[in-house]
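Student:
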Amino acid sequence: MTAKRLHWHGTPVPYITAWSAEAAPQPRVVRRTTGAGEGIGFEDEDPRTDRRYGVLWIRSTLAPGRGKPEFLLANPLRQRRAMEHSLCQVCSRPTIGTRADGRTLFLLGGARPITEGETTTAPPVHQTCARLAVEHCPPLGRGFAVALVERATLYGIAGVIYDPETLAPLPRTEARPGELAHVDIASAASRWTLASFTVVSLHGVTAVGSDALRRFPVP
Ligand SMILES: [Zn+2]
């Protein structure tokens with residue numbers, strides 16, 4: 006299933022972009038012990054919807070097209086779906102099988118090149134969709150990096166880590182400018198993290214220059 010392409014005053018809105026009507030009330034965070042050990046939970050937690058990979062997940066709703074698009078934010082549910090099914094973050098169609106060499110394109114904000122093993126919350130993207138995003142997405146005007154990737158594997162989650170002693174959110178550490186802390190799914194810290202996004206690690210990385218992005222196809 007693919008979503009209808011949405012626009013805002015003539016500007017195409019990427020599939021994973023959050024809309025203002027999608028914000029949901031967040032319950033109080035409490036201390037909870039699960040099979041994996043002690044960590045955080047919600048006071049009215051439903052493990053079927055509030056946890057993924059055993060980790061507590063921020064609450065969100067799906068109402069694309071309602072309210073205003075929040076171009077700097079991703080909807081947690083659509084971001085996760087895009088990562089789990091390798092869907093394009095812009096158009097929501099599959100990226101697997103769209104290139105003869107089997108590789109996938111990734112587009113990240115920030116001018117620093119994408120490195121081998123880098124972790125990211127950005128789902129993959131088609132080349133034509135990457136060009137569209139670079140043209141229309143204001144944050145990417147401050148710099149972006151593109152790479153072809155052989156494998157993207159689940160690394161963990163991006164979220165806010167809570168202090169195991171006080172249950173207060175720890176000071177924010179950023180993975181890339183504006184990105185939440187990336188936490189390894191196998192680490193003890195994941196039990197103390199309120200996750201917003203799925204994080205993958207990128208392997209078999211070949212950087213693509215911005216000039217090459219504008220040619221089609223990228224060799
Ligand atoms: Zn696309």
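One rule links them: number in our numbering = place in the sequence shown (from 1) + 5.
Even for Gly, the Cβ is constructed at its ideal location relative to N, Cα and C.
Being a predicted model, the structure only gives us computed values, none of them experimental.
Quick one: Cα of Val35 to Cα of Glu170, how far?
Tutor: 12 Å
Student: Please state if the CB of Val60 and the CB of Thr158 are separated by a distance shorter than 8 Å.
Tutor: no
Student: Counting pairs of beta carbons, one from the segment 57–75 and one from the segment 21–40, are three or more of them closer than 8 Å?
Tutor: yes
Student: Measure the Cβ-Cβ separation of Gln132 and Tyr20 and say whether it is below 8 Å.
Tutor: No, the pair does not count as a contact, with Cβ atoms beyond the cut-off.
Student: Provide the residue span of the beta strand (DSSP E) that contains Ala28, from first to last.
Tutor: From DSSP, Ala28 is part of no beta strand (DSSP E); its letter is neither H nor E.
Student: Taking the C-alpha atoms as reference points, what is the distance between Pro176 and Leu112?
Tutor: Roughly 27 Å between the two C-alpha positions.
Student: Label His12 either buried or exposed according to how many other C-beta atoms from any shown protein chain fall within 10 Å of its C-beta, with 16 as the threshold for buried.
Tutor: exposed
Student: Using DSSP with H/G/I as helix, E/B as strand and the rest coil, what is Gly148?
Tutor: coil
Student: Quick one: which unbroken alpha helix (DSSP H) runs of 4-plus residues sit fully inside the segment 101–170? Chain order, please.
Tutor: 132–141
Student: Between which two residues does the alpha helix (DSSP H) harbouring Pro81 extend?
Tutor: Pro81 to Glu89
Student: Closer than 7 Å to a non-hydrogen atom of ligand 1 - does that hold for the CB of His141?
Tutor: no
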